[in-house]
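Residue numbers (my numbering), protein chains in the order written: chain D, 1 to 113; chain Z, 114 to 225. Written out below as structure tokens is the structure these notes cover.
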């Protein structure tokens, strides 16, 4: 099925460990996004990639890095995980900003202990 | 800075009732506003998108309206069903940028 695929679905990390969250879309969308969702706070934008080859910071970029590997793939890296990064992470894509709705992945539930 | 607020945070209604979910935003210079549904442990599913030039959008039993001057959007659900139970989020996208601001959502429970 066409859509946005995120891996892994669940992850537990120890403080200081690193990991990369993977995201891939097969809809030929230009823009891709990483959000985190915390209870009572809605979704907050971490980083986005307006098009292949570009990335920009969102609202809460500290502690994260991203790579737009190609048009399909957009990864999120935690270099040194902290308990404050315990959250549910969502990847999303959109064909072109403005006229179209977002398609979201099913999320990665990350716990940092 | 855009802020999006959804009230109430939670709502419980009997099956068959018509209901309205509210979304308010502080910056009226929005490009579009989108409503999403989120089931527990799942991602977000897009329901309706309203462009800034539009006043409303309809899909089946759902109707979303947009009033930029008052900074409000509403999602109307007709003849609610237990299957409508989920969290509903609204999101405002601003002109000239790629950033979309989400509300915290309204958790809806429809009792059979």
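Built from N, CA and C at the ideal position, the CB exists for glycine as well.
Identity of the residues DSSP links to residue 27 of chain D by a beta bridge = Answer is none; residue 27 of chain D lacks a bridge partner.
query = For the candidate residues Z:159, Z:216 and Z:114, whose alpha-carbon lies nearest to that of residue 137 of chain Z?
reply = Z:216
Cβ of residue 159 of chain Z within 7 Å of any chain D Cβ = yes
ask   = Near residue 132 of chain Z, what residues of its chain come up, given a Cβ to Cβ distance below 8 Å and the 5 sequence neighbours on each side ignored?
value = 124, 126, 189, 190, 193 and 221
query = Taking C-beta to C-beta, are residue 60 of chain D and residue 76 of chain D nearer than 7 Å?
reply = no
key: Same chain, Cβ closer than 7 Å to residue 184 of chain Z, five either side skipped, listed in chain order   = 137, 138, 139 and 141
Endpoints, the beta strand (DSSP E) within which residue 8 of chain D is located = It is not in any beta strand (DSSP E) - residue 8 of chain D carries neither H nor E in the DSSP assignment.
query = Touching or not, the stretch 31-41 of chain D and the stretch 87-94 of chain D, by the rule of three or more beta carbon pairs under 8 Å?
reply = yes
query = residue 222 of chain Z touches chain D at which residues, Cβ-Cβ below 8 Å?
reply = Chain D residues near residue 222 of chain Z: none, gap ~17 Å exceeds 8 Å.
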